[in-house]
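J.: Have a look at the structure that comes next, please.
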Amino acid sequence: MKILVLNCGSSSIKFQLIETDEQKRRQGNESRLAKGSVQKIGSAEAQIDFQAQGQKKISHTQPIYEHTTGIENILQRLVEPEKGVIKDVEEIEAVGHRVVHGGEYFSRSTIINREVEKGIRDCIELAPLHNPPNLWGYQATREVLPSVPQVAVFDTAFHQTMTPSAYIYGLPYCLYERYKIRRYGFHGTSHRYVLLRLAKILARPVKELDVITCHLGNGCSIASIKGGQSVDTSMGFTPLEGLVMGTRCGDIDPALVPFILEREDLRLEEVNNMLNKHSGLIGISGLSNDMRTLEDASKEGDQKAALAIDIFAYRVQKYIGAYLAGMNGADAIVFTAGIGENSPMVRERVCKNMDALGVEFDSRENARLQGKEGCISRESSPVKVFVIPTDEELLIARDTYQCVTEKSG
Ligand code: ADP
Numbered sequence: 251m252k253i254l255v256l257n258c259g260s261s262s263i264k265f266q267l268i269e270t271d272e273q274k275r276r277q278g279n280e281s282r283l284a285k286g287s288v289q290k291i292g293s294a295e296a297q298i299d300f301q302a303q304g305q306k307k308i309s310h311t312q313p314i315y316e317h318t319t320g321i322e323n324i325l326q327r328l329v330e331p332e333k334g335v336i337k338d339v340e341e342i343e344a345v346g347h348r349v350v351h352g353g354e355y356f357s358r359s360t361i362i363n364r365e366v367e368k369g370i371r372d373c374i375e376l377a378p379l380h381n382p383p384n385l386w387g388y389q390a391t392r393e394v395l396p397s398v399p400q401v402a403v404f405d406t407a408f409h410q411t412m413t414p415s416a417y418i419y420g421l422p423y424c425l426y427e428r429y430k431i432r433r434y435g436f437h438g439t440s441h442r443y444v445l446l447r448l449a450k451i452l453a454r455p456v457k458e459l460d461v462i463t464c465h466l467g468n469g470c471s472i473a474s475i476k477g478g479q480s481v482d483t484s485m486g487f488t489p490l491e492g493l494v495m496g497t498r499c500g501d502i503d504p505a506l507v508p509f510i511l512e513r514e515d516l517r518l519e520e521v522n523n524m525l526n527k528h529s530g531l532i533g534i535s536g537l538s539n540d541m542r543t544l545e546d547a548s549k550e551g552d553q554k555a556a557l558a559i560d561i562f563a564y565r566v567q568k569y570i571g572a573y574l575a576g577m578n579g580a581d582a583i584v585f586t587a588g589i590g591e592n593s594p595m596v597r598e599r600v601c602k603n604m605d606a607l608g609v610e611f612d613s614r615e616n617a618r619l620q621g622k623e624g625c626i627s628r629e630s631s632p633v634k635v636f637v638i639p640t641d642e643e644l645l646i647a648r649d650t651y652q653c654v655t656e657k658s659g
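The sequence shown begins at 251 in my numbering and counts up one residue at a time.
Right, dumping it as structure tokens:
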């Protein structure tokens, strides 16, 4: 089955065409036929990148003013003679969408029908920047591929197994009742992907595993997974909570918001912007949100870059400690996403001195491992440490396949 995976943002569409079936899924050898993106939708100079499997990336610009045209364009590339990868768009049997917020409505991936569409719309107030473009992607696809089933895969769904002790804030309870103010968590597809992959590596059932998964990319979150279910995670009502990230501040004293508003004479919107876009690594270092730049600068003696890395790593360590306490230990810690997969330095800072908690870190193995899967703890380590590259698109394709075949089966 050929599945188109779409991740629609306000001015962009990222896509992959993935081929899977029962056997490929079981063996984990699905084929990625093509991938690419449409950027700067809404302008006369939208950029289209298209890469067929085993071929070079082709890029060009053209006017694209709405998502429907963007998706039509992707379909045209997919069927283009010689450069494309399928003969007819009818070969696409299902479409899987990344949807950011499923609120309390969705605890698993689901085929989108009228009721699900309404559920996603009802969550717009929880994710005003993300859910609307996710819905446009669904609606645009319905226009161009009207008879193809579409599936929503939610960033929040995996964390719906958290209990109130983890998701209720220390605020008046009526705020939860009135506005559903609670912790939701994000990056669920990534945390679940690396969990499932870990179960394969260890050859153990998922429901026996206690794991701490660290998704460290531009956005960063950690999940505490007990018996294969998320019991806590560092992002909350929005992705701003928790770890120090590329541009987001993570946990801060909430009293700082009114304090900064007054002292800096800022509007609320400006403070919000500061916390989301000008804080974290870039805010502390004054240099960059890119960990590579900070690592280079810190080696050359830039003290603020070094401080940003220290703060980043210490926050990760603190969360791991909290989750180890909450679960009374763990089988493994997993690092994933841009920083988690590629920065031995950050992983070392986080794990080096945690032997009292059962983490026997293998520095040499860690230094060797960049951008690929492997174990970076000693064989004797009670808590294993792994690097597992994430693949959210693949999990979206797998979920889509499962939803579609369950329905027809
Ligand atoms: P996004 O959340 O946008 O998908 P990624 O998962 O691609 O982000 O992660 C981006 C982060 O990964 C950036 O901070 C980048 O500096 C970092 N990164 C990528 N490669 C390396 C590397 N070789 N060493 C250190 N950090 C890296």
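Glycine included, every Cβ here is placed at the ideal spot set by N, Cα and C.
Using beta-carbon positions only, say whether threonine 413 and valine 444 come within less than 7 Å of one another.
T.: Contact flag unset, no.
J.: Between lysine 333 and serine 287, what straight-line distance do the alpha-carbon atoms span, to the nearest angstrom?
T.: 16 Å
J.: Looking at the strands, I want to know which residues DSSP matches up with cysteine 601.
T.: Answer is none; cysteine 601 lacks a bridge partner.
J.: What does DSSP give as the partner residue(s) for glutamine 301 in the beta ladder?
T.: Paired residue(s): Lys285.
J.: Residues bridged to glycine 346 by DSSP?
T.: Val255, Val401
J.: So, tyrosine 423 versus arginine 433, is the Cβ gap smaller than 7 Å?
T.: no
J.: Roughly how many whole angstroms lie between the Cα atoms of isoleucine 626 and leucine 644?
T.: 25 Å
J.: Hey, how far is the Cα of phenylalanine 265 from the Cα of threonine 319?
T.: 14 Å
J.: Which runs of the alpha helix (DSSP H) at least 4 residues long sit entirely within the segment 570-633? Give them in chain order.
T.: Correct list: 587-592, 594-601, 613-618.
J.: In chain order, what residues of the same chain have a beta carbon less than 7 Å from the beta carbon of aspartate 641, not counting five sequence neighbours either side?
T.: In chain order, Tyr443 place their CB closer than 7 Å to the CB of aspartate 641, counting only its own chain and leaving out the 5 sequence neighbours on each side.
J.: When every heavy atom of the ligand ADP is checked, does at least one fall within less than 6 Å of the C-beta of asparagine 323?
T.: Answer for asparagine 323: no, Cβ out of range of the ligand ADP.
J.: How is leucine 466 classed by DSSP in three states: helix, strand or coil?
T.: strand
J.: Specify the secondary structure class of threonine 391 as computed by DSSP and reduced to three states.
T.: Reduced to three states, the DSSP call for threonine 391 is helix.
J.: When every heavy atom of the ligand ADP is checked, does at least one fall within less than 6 Å of the C-beta of alanine 669?
T.: Residue numbering for the chain in the displayed model covers 251 to 659; residue 669 lies beyond these limits and cannot be assessed.
J.: Could you check how far apart the C-beta atoms of valine 350 and alanine 402 are, in whole angstroms? I think they sit under 8 Å.
T.: That pair is no contact at about 10 Å.
J.: So is the beta-carbon of arginine 433 under 6 Å away from any non-hydrogen atom of the ligand ADP?
T.: No - the ligand ADP has no heavy atom lying nearer than 6 Å to the Cβ of arginine 433.
J.: Which one of Ala449, Arg517, Thr497, Asp546 has the shortest CA to CA distance from serine 529?
T.: Sorting Ala449, Arg517, Thr497, Asp546 by C-alpha distance to the C-alpha of serine 529 places Thr497 at the top.
J.: Hey, is the segment 343-360 in contact with the segment 384-391, meaning 3+ C-beta pairs nearer than 8 Å?
T.: yes
J.: Going by DSSP, what residues sit across from lysine 310 in a beta bridge?
T.: According to the sequence displayed, residue 310 carries histidine and not lysine. The partner list for histidine 310 (beta bridge, DSSP) reads Ile298.
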